[in-house]
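> Note that our numbering numbers the sequence shown so that position 109 is 95, with each residue one more than the last. What follows is a structure written as structure tokens; I'll ask about it next.
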Amino acid sequence: MRLHGVRVVNRLYPFDRLGRFHSNDSMLNELSDMAVHTAQVNSEDGCVDACERGEWMTAYIDYPVIRIAFAGPGPDGRPLYSDPRLIANMLRRLALTQQGDDLMLACSPSDLHLRPENVHARIEDHVCFLVQTLRRHYENTGDAELVRELWPVLTKQIQWFLDRRTKRGVVHAREWFLHFDNPVSFQMCEGTTLNAMVYRALEDAADLAEMLGKSERARRHAAATASLHRAFNRHLWDATSGTYYAGIREGKKTPSDFSLR
């Protein structure tokens, strides 16, 4: 092999720094500068993890902030405020990790899936974040083409959950979301938190299907949403405590906290 040339490409987001924190405390000034620099170097093509340099779908949680704070050069050279392009890139890349009928990866680029025992490779509720973020992106931009592009992946992800509904009508999969008092985190069960996220993903998928003119698919997703809503409240509501159970594991309902009852 002969190397004919080398080119360095700057993938950093083209920030224009409009202000700077300054006080009479040198440590606070340094911390502020470090925080801004961290945001800059971790906005290569999307919202990346500071230590692993991988795009995690949970960056959705930060989306309401970054879509307001980010502004970059638009096609006409003028500033594009509330720049949605980073999150669109992230949605595309994570969708590309979906293979067969399996879930997409939770992070990209990543080799976590090469270690089957690694619980971080594919994370059920991260799929729900993708659907929710795709809808939010459409609402913010009107970019129906991105929805149309990712629709085949979205459909497979939604079906993955529907195929795992139990006789009670709720989804049995791994509970993940890390509430500090969630007693069923990382466990296979009919988890309340995950089912709530699946409900929202179904609702979003139904609306996106309607927007794309896929009326039959929209009706199916809407029906599944209503069915899950009924099952959720029938089987996971704890009338005694006035709150929801954490989930149903091996046929037993788990209280929503670690206290013994």
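From the three backbone atoms N, C-alpha and C, an ideal C-beta is built for every residue, glycine too.
#1: Grouping DSSP H, G and I as helix and E and B as strand, with all else coil, what is Glu189?
#2: Between which two residues does the beta strand (DSSP E) containing Pro59 stretch?
#3: Going by the beta-carbon positions, is the gap between Leu188 and Ile234 smaller than 8 Å?
#4: Can you name, in chain order, every residue of its own chain whose Cβ lies under 8 Å from the Cβ of Leu77, other than the five neighbours on each side?
#5: Excluding the five sequence neighbours on either side, which residues of its own chain have a C-beta within less than 7 Å of the C-beta of Thr152, listed in chain order?
#6: Distance check for Ala232 and Lys238, CA to CA, integer angstroms please.
#7: If distances are taken between C-alpha atoms only, which option among Phe172, Ala212, Val27, Leu72 comes closest to Asp111?
#8: Using 8 Å as the threshold, is the C-beta distance between Met183 and Cys114 below it?
#9: Specify, as a first and last residue, the run of the beta strand (DSSP E) that Arg64 falls within.
#10: By DSSP's criteria, Arg235 is part of a beta bridge. Which residues make up the other side?
#11: Between Tyr185 and Thr211, how many whole angstroms is the CB-CB distance? I'm expecting something under 8 Å.
To lay it out plainly:
#1: Reading the sequence shown from its first residue, position 203 is the one you call residue 189. Reduced to three states, the DSSP call for Glu189 is helix.
#2: For this step, residue 59 is matched to residue 73 along the sequence shown. It spans 57 to 59 - the beta strand (DSSP E) in which Pro59 sits, taken as one unbroken run.
#3: Within the sequence shown, residue 188 is the residue found at index 202, counting from 1. Within the sequence shown, residue 234 is the residue found at index 248, counting from 1. Going by C-beta atoms, Leu188 is not nearer than 8 Å to Ile234.
#4: The residue labelled residue 77 in the question sits at position 91 within the sequence shown. Here the set comprises Leu116, Thr119, Leu120, His123, Leu132, Leu136.
#5: If you number the sequence shown from 1, residue 152 lands on position 166. Cβ neighbours of Thr152 beyond the five flanking positions: His158, Glu176.
#6: Residue mapping note: residue 238 aligns to position 252 of the sequence shown, counting from 1. Residue mapping note: residue 232 aligns to position 246 of the sequence shown, counting from 1. Spanning the two alpha carbons is a distance of roughly 11 Å.
#7: In the sequence shown, the residue the question calls residue 111 occupies position 125. It is Phe172 whose Cα lies nearest to the Cα of Asp111.
#8: To locate residue 183, count along the sequence shown from 1; it is residue 197. To locate residue 114, count along the sequence shown from 1; it is residue 128. Cβ distance < 8 Å, so Met183 and Cys114 count as in contact.
#9: Residue numbering aside, residue 64 sits at position 78 when the sequence shown is read from its first letter. No beta strand (DSSP E) contains Arg64, which DSSP labels as neither H nor E.
#10: On the sequence shown, position 249 is the one that residue 235 refers to. Arg235 pairs with Lys238.
#11: The residue you call residue 185 lines up with position 199 of the sequence shown. The residue you call residue 211 lines up with position 225 of the sequence shown. Yes, Tyr185 and Thr211 are in contact; Cβ-Cβ is about 6 Å, under 8 Å.
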